[in-house]
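Residue 34 is where the sequence shown starts when you use the working numbering, and the numbers rise one by one after that.
The beta-carbon is built from N, C-alpha and C at its ideal position, and this holds for glycine as well.
Have a look at the structure below, then the notes.
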Amino acid sequence: LLWRARQVAKAIVRTRPDVVVLVDAQVFSSIVAKQVYKAAPDIPVLLCVAPAVWAWKPERAQHLKPQFREVMAVLPFEPAFMRSVNGPETHYIGHPSTSALAFRSAVPERGPMLLLPGSRDGELRRHLPMLRAVVESLASHPRISGFVLPTPRRLEASVKERVADWPVKVDVITGEERKAAAMASAVVAVAATGTVTLELAMAGVPMVTTYVADKGQARLWVRYKVKYASLPNILLDKPLVPEILQLEPDADVLVAAVRSHLDDAAGPAQYEGFAQIRQLMENGTAEDPRVSPADRVLHHWRGAP
Numbered sequence: 034l035l036w037r038a039r040q041v042a043k044a045i046v047r048t049r050p051d052v053v054v055l056v057d058a059q060v061f062s063s064i065v066a067k068q069v070y071k072a073a074p075d076i077p078v079l080l081c082v083a084p085a086v087w088a089w090k091p092e093r094a095q096h097l098k099p100q101f102r103e104v105m106a107v108l109p110f111e112p113a114f115m116r117s118v119n120g121p122e123t124h125y126i127g128h129p130s131t132s133a134l135a136f137r138s139a140v141p142e143r144g145p146m147l148l149l150p151g152s153r154d155g156e157l158r159r160h161l162p163m164l165r166a167v168v169e170s171l172a173s174h175p176r177i178s179g180f181v182l183p184t185p186r187r188l189e190a191s192v193k194e195r196v197a198d199w200p201v202k203v204d205v206i207t208g209e210e211r212k213a214a215a216m217a218s219a220v221v222a223v224a225a226t227g228t229v230t231l232e233l234a235m236a237g238v239p240m241v242t243t244y245v246a247d248k249g250q251a252r253l254w255v256r257y258k259v260k261y262a263s264l265p266n267i268l269l270d271k272p273l274v275p276e277i278l279q280l281e282p283d284a285d286v287l288v289a290a291v292r293s294h295l296d297d298a299a300g301p302a303q304y305e306g307f308a309q310i311r312q313l314m315e316n317g318t319a320e321d322p323r324v325s326p327a328d329r330v331l332h333h334w335r336g337a338p
């Protein structure tokens with residue numbers, strides 16, 4: 034990684050482009066930006082997708098300056114947060130899920146339950162046993178017609194093997210189109226906290242979120258006084274969706290939360306909140322409205338009028 038980053042930085046300095054846009058890949062992008070700034074500080078380097086300094090180590094924001102001339106953020110609260118911690122200039126450019134997912138007109142009374150355990154091996158190891166308990170306990174619930182588990186293609190074989198001995202059939206699917214179709218018909222989702230919770234909100238899918246943290250993650254939660262772990266709650270700064278956060282897996286707590294959600298018909302209340310999130314993601318805030326990424330690149334283009 035270090036060798037490749039240095040190679041890219043040298044190529045940038047040698048060819049001297051008018052502007053450089055690095056996309057996510059935070060460690061790689063940071064190395065490239067530092068090398069470019071050291072050798073050619075006049076070349077503007079922009080970062081597309083801000084690091085999650087709002088979640089942990091906010092002091093990192095100051096270190097993004099001066100190597101990044103600007104950060105183009107995909108979450109609407111990030112520009113204000115960057116200002117509050119003396120980070121680089123930041124503008125909100127929207128999020129891919131805004132256009133990728135259609136917002137449902139209503140929450141169905143009955144449909145499949147989506148199971149979203151995460152994509153890291155540790156997440157699968159900690160969350161799949163809990164999801165199995167949810168499936169076993171709620172298979173006969175009148176609002177549930179089946180269970181669907183979307184997963185990346187690289188994990189398909191592994192996940193299918195892990196759920197093969199479950200007493201209730203789970204349909205393991207891959208691909209963005211099939212995942213979007215599953216979201217369109219789902220009555221509820223049980224999801225590990227992460228970007229997928231934003232996708233669910235953008236599609237109008239009620240959810241219960243969960244995460245079994247390791248000790249290192251738990252220490253970070255305490256140190257940085259994490260108020261919410263799921264993006265819907267972070268975006269609205271209120272407990273819109275249940276968060277079952279644990280150090281040791283306790284499936285009974287998760288099952289009870291999902292059952293309560295189904296029985297109490299909490300979906301409509303969440304749905305209203307999701308509509309607010311959709312509007313926020315599409316437009317940005319009054320202080321930081323959504324801007325065109327192309328306009329931001331042109332703004333830094335050397336010699337542009």
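Taking the alpha helix (DSSP H) that residue i falls in, what are its first and last residues?
i	result
Q250	248–256
T341	With the chain represented from 34 up to 338, any question about residue 341 goes unanswered, as that position is not in the structure.
E232	228–236
V140	Neither: V140 is in no alpha helix (DSSP H) and is coded neither H nor E.
D285	284–296
R323	That residue, R323, is in no alpha helix (DSSP H); it is neither H nor E in DSSP.
L35	35–48
Nearest CA to the CA of residue i: which residue from the options?
i	options	result
D51	A289, A251, R102	R102
Q250	Q68, A72, A73, A88	A88
V107	T123, P99, R116	T123
H206	A217, L188, P200	Looking at the sequence provided, one finds Ile at residue 206 rather than His. Nearest C-alpha to I206: L188.
K271	A73, P282, E281, V259	V259
A166	V203, S152, G155	V203
D198	R211, A217, P162, R186	P162
R186	N119, K212, A172, R292	K212
G227	V201, P265, V53	P265
Would you identify the three-state DSSP class for residue i, choosing helix, strand or coil?
i	result
T123	strand
G306	helix
Y70	helix
V53	strand
V11	There is no way to answer for residue 11, as the model of the chain reaches only from 34 to 338.
L331	helix
V65	helix
P129	coil
V60	helix
V78	strand
P272	coil
Starting from residue i, trace the beta strand (DSSP E) both ways and give me its first and last residue.
i	result
A219	Where A219 is concerned, there is no enclosing beta strand (DSSP E), given that its DSSP letter is neither H nor E.
L278	276–279
V241	240–245
**Study point:** Completely contained beta strand (DSSP E) runs for the region 147–208, where each covers 3 or more residues
**Key:** Within the region 147–208, the complete beta strand (DSSP E) segments at least 3 residues long are 177–183, 204–206, listed from N- to C-terminus.
**Study point:** Stretch pair the region 128–135 + the region 227–237: three plus CB contacts closer than 8 Å
**Key:** yes
Practice item. Could you tell me whether the region 69–84 touches the region 307–321, using the rule of 3 or more Cβ pairs below 8 Å? Key: no
Review point. Which ranges would you report for the alpha helix (DSSP H) in the region 81–117 if only whole runs of at least 4 residues count?
Key: 93–96, 111–117
Review point. Are three or more beta carbon pairs between the region 177–189 and the region 139–151 nearer than 8 Å?
Key: Between the region 177–189 and the region 139–151 there are three or more C-beta pairs closer than 8 Å, enough to call the two in contact.
Point to revise | Segment contact flag, the region 133–140 with the region 153–173, C-beta cutoff 8 Å, min 3 pairs | key: no
Check your understanding: Is the region 282–295 close to the region 58–70, with three or more CB pairs under 8 Å?
Key -> Remark: fewer than three beta-carbon pairs, one from each stretch, lie closer than 8 Å, so the region 282–295 and the region 58–70 are not flagged as touching.
Review point. Any contact of the region 318–336 with the region 104–121, i.e. 3+ C-beta pairs under 8 Å?
Key: yes
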